[in-house]
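Participant: According to full-length UniProt numbering, the stretch in the sequence shown is residues 1 to 231, in order. Positions of the beta carbon are idealized from the N, C-alpha and C atoms, including for glycine. If you're wondering where the values come from, they're calculated on a predicted model, not measured in any experiment.
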Amino acid sequence: MDITINTAQNVGITYKPAGLMPRIIATVIDLALLGGVFILGSAILLNLYPRASWFPYTLLVTLLSFYHLVCEYFFNGQSIGKATLRLRVVRLDNRKLSFWDCLLRWVLRLVDISSSSGVIAMVSIILTSKAQRLGDLAANTTVIQENPRKALRPASHPTEETLPQFPQVAILSDRDINIIREVCREAEKTGDLQLYAPLAAKIKTITGIQTDLADRDFIRTILTDYIKITE
1 MDITINTAQN
11 VGITYKPAGL
21 MPRIIATVID
31 LALLGGVFIL
41 GSAILLNLYP
51 RASWFPYTLL
61 VTLLSFYHLV
71 CEYFFNGQSI
81 GKATLRLRVV
91 RLDNRKLSFW
101 DCLLRWVLRL
111 VDISSSSGVI
121 AMVSIILTSK
131 AQRLGDLAAN
141 TTVIQENPRK
151 ALRPASHPTE
161 ETLPQFPQVA
171 ILSDRDINII
181 REVCREAEKT
191 GDLQLYAPLA
201 AKIKTITGIQ
211 TDLADRDFIR
221 TILTDYIKIT
231 E
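1. Do you know whose CA, among 184, 208, 207, lies nearest residue 197's CA?
2. Over what stretch of residues does the alpha helix (DSSP H) that includes residue 221 continue unbroken?
3. Excluding the 5 residues preceding and the 5 following residue 223 in the sequence, name in chain order all residues of the same chain whose CB lies nearer than 6 Å to its CB.
4. Give me the residue from 79, 97, 37, 36 with the minimum Cα distance to residue 140.
5. For residue 202 and residue 190, what's the separation of their Cα atoms in angstroms?
6. DSSP on residue 15, reduced to helix/strand/coil?
7. List the DSSP bridge partners of residue 211.
8. For residue 211, which residues of its own chain have a beta-carbon under 8 Å away from its beta-carbon, when the five flanking residues on both sides are left out?
9. Can you tell me where the alpha helix (DSSP H) with residue 61 in it begins and where it stops?
10. Can you check DSSP and say which residues form a bridge with residue 87?
11. Specify whether the segment 76-92 and the segment 20-36 touch according to this definition: at least 3 beta carbon pairs, one from each stretch, less than 8 Å apart.
12. Taking 8 Å as the cut-off, decide whether the C-beta atoms of residue 105 and residue 146 are in contact.
13. Is it right to say residue 61 is buried, meaning 16 or more other beta carbons lie within 10 angstroms of its own, or is it exposed?
14. For residue 31 versus residue 125, is the C-beta spacing smaller than 8 Å?
15. Decide if residue 226 is buried, meaning its Cβ has at least 16 other Cβ atoms within 10 Å, or exposed.
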């Protein structure tokens, strides 16, 4: 079941919710990373402080426990495991993740993942319509799959003219493209080219595209690319 997130402009953007298995694999990657850091950190502490008490090791574990909170807040909803699987935590109202959102997910992680070995989280993800664990329900978030919703159909003999410059445009829906076209027509008709800046910023936020193209050229490329992947 796809998840439709309404933007501030009341544009519905459809994403594929992350499945249970990708989320489990992402968690395993994160656990392996944390385990490796703990082993390395413990070895360093042992060499530096061979007679050290339990305190340095407790401090190390405490710092590592903040991993998900720090990553999701500072890296726009992604831990290293999620980034590897192209997963991202998003708010269902498409607002930017706040520290409070990340904190809620982190605190409840102790309940639905840590204390139950993930059983509560798995049951919640399976039973909820938007694949949410308890932390997601509390923070009004979920985890999406960032792969394009629409499959790209390669041409028999791909060329620079047939391949899209920004394949991420596949995330956009027909409705989104129609709205983009309407804004472009209004900008050209009135000569108000400043309309391109917020539109380009919103497209980049939704698709994750990074480019140095001017806003007007970027939006025209987006429209051209959309035609390439849907024709």
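Facilitator: This is what the structure gives:
1. 184
2. 215-230
3. none
4. 97
5. 21 Å
6. strand
7. DSSP, once it has assigned bridges, lists no residue as partnering residue 211.
8. 166, 204, 218
9. 55-65
10. 145
11. yes
12. no
13. exposed
14. no
15. buried
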